[in-house]
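Each remark here refers to the structure printed beneath this line.
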Amino acid sequence: MHDQIRTLLLHHKNKRIALHDMDILLKDAGIHLFTDTEQQKQFIRTVQNLIKAGVLVPLKSARPLIEYGGLPAKYTLRRDLLTEEEAPLSAEHRSELFSLPTPISIDYYAHHADDYRRDRDAILRIRDMIEDDDDEVLTVNERSYEIFGDEKAIDAPRHAAVDGEAVLRNLGLTLGDIRAKKVYEPFFYFEKDFGALEGTTERTVLIVENKDTFWTMQQAVTAGEVDGINLVIYGEGNAIQKKFEYIETVGGTLDDRYVYFGDIDREGIAIFNRLQARYPNYGIRPATSLYTAVLKKAGYRNARPLRNDQKRGQISLSPFIDAFDDESRAAIEWIITEERYLPQEVLTAVDLRRMKACGLSKTL
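First residue of the sequence shown? That's -1 in my numbering, and the numbers climb one at a time after it.
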């Protein structure tokens, strides 16, 4: 990606260039940034490096573009800095580069001398660590600080002084190669027989969007007022997108049954759709009986207008809405189209007890 962008900048005739211009030029070269997440990341990193090198100077009036990782939209192009040829590696640097141990790959740095000189200290620390007999595994942030002097360099390079993720990629290394492991931000949860039933039967995991409903559900499960739920997770709104990675730590498996319950509004539906798309192997589905209970109790036409701070705009209702019957689907579509909402707090402990009495709580 670096070489391709360098080439297009060298051939760009104007003194200014916009990210949109680069996107179009890359498309002409067969690179489609918005259909390939990895190429999009490489593009953002390359532009960031060119900004640091002074090749691209953001215009003061340039607005940040979210779709490009917050990069400024327009730049002054210092083409003269691109035409300077890299000095070759010294004999000493070539010798140490070509003597790096496996599994380190030298291909990238053998052709990017300036990058090697810039990253050399970290590369040598990685070399020493790999050659060391110590097999202790550290967390990603711990290893990142040890190698780069910045705990965010590997896992959050955009917020770090150095792009440790790029260095590892240039060396062809994985986290396993540097004896590092990712740790996940925990979610708050309550379990009932979840561990005891492991491997014996299908367990049900309920993810709840909001705090109050989580506590109501937790108390109902504890009191036996809801059947068949073995683990209740507090989704904490959109935070569950990242925190759900913690599910393996608490013993969750792909064989378990996962259902989600949130608000009936644009954001609640979007949270579910993003969660299902991010973790497709878990088969997460809406807790249809709980949503239907909210609709029946409140009446969908009594849904309140969205508050000023609630998100508007077009969203996709699928796959969320595909799980419902025709009546519920029509009600949900009306609520979203009319820019209204029903909070999950409509459902109380009293309602959960009634659902159990009717045998509905088993069909979440």
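Glycine is no exception: its CB is placed at the ideal position from the N, C-alpha and C atoms.
Let me know if residue i comes out buried or exposed under the rule of 16 or more other beta-carbons within 10 Å of its beta-carbon.
i: glutamine 40; result: buried
i: phenylalanine 192; result: buried
i: arginine 338; result: buried
i: glutamate 189; result: buried
i: phenylalanine 259; result: buried
i: valine 53; result: buried
i: alanine 85; result: exposed
i: leucine 48; result: buried
i: valine 181; result: exposed
i: threonine 202; result: buried
i: valine 138; result: buried
i: glycine 250; result: buried
i: arginine 61; result: exposed
i: arginine 302; result: exposed
i: aspartate 78; result: exposed
i: arginine 299; result: exposed
i: glutamine 312; result: exposed
Can you grab the Cα-Cα spacing for the pair residue i / residue j, in whole Å?
i: tryptophan 332; j: lysine 209; result: 26 Å
i: alanine 218; j: threonine 335; result: 33 Å
i: isoleucine 267; j: aspartate 320; result: 12 Å
i: leucine 169; j: glutamine 216; result: 48 Å
i: isoleucine 262; j: lysine 240; result: 21 Å
i: threonine 211; j: leucine 340; result: 13 Å
i: leucine 173; j: aspartate 113; result: 21 Å
i: methionine 127; j: aspartate 153; result: 19 Å
i: leucine 327; j: glycine 235; result: First, the residue type needs correcting, since residue 327 is arginine and not leucine in the sequence shown. Near 23 Å, if we compare the C-alpha coordinates of glycine 235 and arginine 327.
i: leucine 23; j: isoleucine 104; result: 30 Å
i: lysine 179; j: arginine 43; result: 23 Å
i: leucine 136; j: glycine 162; result: 16 Å
i: glutamate 36; j: phenylalanine 322; result: 35 Å
i: aspartate 119; j: proline 278; result: 40 Å
i: tryptophan 213; j: threonine 346; result: 10 Å
i: threonine 247; j: valine 257; result: 19 Å
i: glutamate 343; j: proline 284; result: 16 Å
i: histidine 9; j: alanine 51; result: 19 Å
i: leucine 31; j: isoleucine 227; result: 42 Å
i: threonine 220; j: leucine 166; result: 47 Å
i: arginine 156; j: arginine 264; result: 30 Å
i: glutamate 94; j: leucine 252; result: 46 Å
i: histidine 109; j: tyrosine 66; result: 27 Å
i: glutamate 196; j: leucine 229; result: 12 Å
i: alanine 71; j: aspartate 19; result: 10 Å
i: leucine 397; j: glycine 222; result: For the chain, the structure presents residues -1 to 362; residue 397 sits outside this window and is missing.
i: leucine 358; j: glutamate 325; result: Confidence at leucine 358 is low in this model, with a pLDDT of 49, below 50, so the placement of that residue is unreliable and no value is reported for it.
i: glutamate 144; j: lysine 294; result: 57 Å
i: serine 97; j: leucine 63; result: 42 Å
i: arginine 371; j: arginine 116; result: Any answer about residue 371 is impossible in this case: the structure gives the chain only from -1 up to 362.
Identify whether residue i lies in helix, strand or coil by the three-state DSSP scheme.
i: proline 86; result: coil
i: isoleucine 231; result: strand
i: arginine 351; result: helix
i: isoleucine 205; result: strand
i: arginine 305; result: coil
i: threonine 335; result: helix
i: threonine 5; result: helix
i: isoleucine 29; result: coil
i: alanine 16; result: strand
i: leucine 358; result: Note that leucine 358 scores 49 on pLDDT, short of 50, meaning its location in the model is unreliable and no value can be drawn from it.
i: leucine 23; result: helix
i: leucine 315; result: coil
i: leucine 122; result: helix
i: leucine 340; result: strand
i: leucine 345; result: coil
i: leucine 98; result: coil
Mind reading off the beta-carbon distance from residue i to residue j? Whole number of angstroms is fine, and I expect it under 8 Å.
i: arginine 282; j: glutamate 207; result: Checking the sequence, you will find isoleucine at residue 282 rather than arginine. That pair is no contact at about 13 Å.
i: lysine 354; j: valine 224; result: 6 Å
i: threonine 74; j: lysine 13; result: 6 Å
i: valine 160; j: aspartate 175; result: With a Cβ gap of about 18 Å, valine 160 and aspartate 175 do not count as contacting.
i: tyrosine 232; j: phenylalanine 186; result: 4 Å
i: glutamine 46; j: isoleucine 29; result: Glutamine 46 to isoleucine 29, Cβ: 18 Å. No contact.
i: phenylalanine 242; j: leucine 273; result: 7 Å
i: arginine 177; j: glutamate 134; result: 7 Å
i: leucine 6; j: leucine 69; result: With a Cβ gap of about 16 Å, leucine 6 and leucine 69 do not count as contacting.
i: alanine 291; j: aspartate 349; result: 6 Å
Using 7 Å as the cut-off, classify the Cβ of residue i as near or not near the heavy atoms of the ligand PLP, replying yes or no.
i: glutamate 336; result: Summarising the ligand content, the structure contains no ligands, and the ligand PLP is consequently not present.
Got a sec: is the Cβ-Cβ distance from residue i to anything in chain B below 8 Å?
i: tyrosine 298; result: Here chain B cannot be found, since the structure has a single protein chain.
Report the residue ranges of all alpha helix (DSSP H) runs contained in full by the stretch 138 to 219; include only those spanning at least 4 residues, in chain order. With a minimum length of 4 residues, the continuous alpha helix (DSSP H) runs that stay inside the stretch 138 to 219 are 138 to 146, 162 to 168.
Could you pull out every unbroken beta strand (DSSP E) segment of at least 3 residues lying fully inside the stretch 252 to 296, listed in chain order? 255 to 259
Run through the stretch 38 to 76 for me and flag every whole beta strand (DSSP E) of 3 or more residues, listed as ranges in chain order. 54 to 56, 72 to 75
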